[in-house]
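Residue numbers (this note's numbering): 85 to 315.
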């Protein structure tokens, strides 16, 4: 699902890991790089795996078992589960808001923006749901469960979420009034998504979740800039 964010500089600080390619993925690529034509083989005939060394160090030749043992552990933790569960609901509200635009917005750029939001976030919801199917959240009360982020938590407490009253006002608005309110609420909504993505990049451990969070940062940062120029 997630797009490759090649070309974006990676921060050396831990809090925001907006890496062009996740460090874990880089290591996996190095550990699975085999030489051509089966020329580099272990004594028992199995293919050996070359792990490049750090600058100034020589490469190492590993057996498949050694390579598997060296593979970093990216098991999902509580922060990963919390992010995916909450972002699904966060995206769903964005879809609800965007669905109002075709019949209510006056400006074509606002309508096109709503279309882009739907086109981006609907598939992201699907990818997050598939991730949850592969990595079911720990039962509430377990040692690895995310505190305060169970299925019954208050979605309205998430950053950037519009209140029920704001959604009613948006649904009742028409023309230029709708455009102004939509841009205001959606900008705040996107800013909340960036906050949540930052939390996942800081506290999470799973590579797939990191890629999803980086995709949210890339896409929604650009849309925030666009909405500010439109407002």
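The C-beta atom is built at its ideal place from N, Cα and C for all residues, glycine as well.
- C-alpha of residue 187 to C-alpha of residue 139: approximately 59 Å in a straight line.
- Taking 8 Å as the cut-off, the beta carbon of residue 177 is found no closer than this to the beta carbon of residue 223.
- Residue 315: not part of any alpha helix (DSSP H); DSSP gives it neither H nor E.
- DSSP places residue 264 within a helical segment (H, G or I) once states are collapsed to three.
- Apart from the 5 residues on each side of it in sequence, residue 273 sits with its Cβ closer than 8 Å to the Cβ of 174, 177, 178, 181, 244, 245, 246 in its chain, given in chain order.
- Counting only the Cα atoms, residue 157 lies some 8 Å from residue 289.
- Take the alpha-carbon of residue 301 and the one of residue 209: they are about 15 Å apart.
- CA-CA distance, residue 145 to residue 169, rounds to 41 Å.
- For residue 263, the number of other beta carbons within 10 angstroms of its own is at least 16, and it is reported as buried.
- Exposure of residue 252 is indicated by the presence of fewer than 16 other C-beta atoms within 10 angstroms of its C-beta.
- The alpha carbon of residue 166 has as its nearest neighbour, out of 312, 220, 147, the alpha carbon of 220.
- For residue 145, the secondary structure class from DSSP, reduced to helix, strand or coil, is strand.
- Distance from the Cα of residue 260 is smallest, within the candidate group 213, 183, 200, 192, for 192.
- The C-beta separation of residue 311 from residue 280 comes to about 18 Å, leaving the pair out of contact by the 8 Å criterion.
- Taking 8 Å as the cut-off, the beta carbon of residue 163 is found closer than this to the beta carbon of residue 283.
- With a 10 Å radius around the Cβ and a threshold of 16 neighbouring Cβ atoms, residue 207 comes out exposed.
- Sequence-distant partners of residue 205 (beyond 5 residues in either direction) whose C-beta falls short of 7 Å from its own C-beta, in its chain, are 175, 178, 179.
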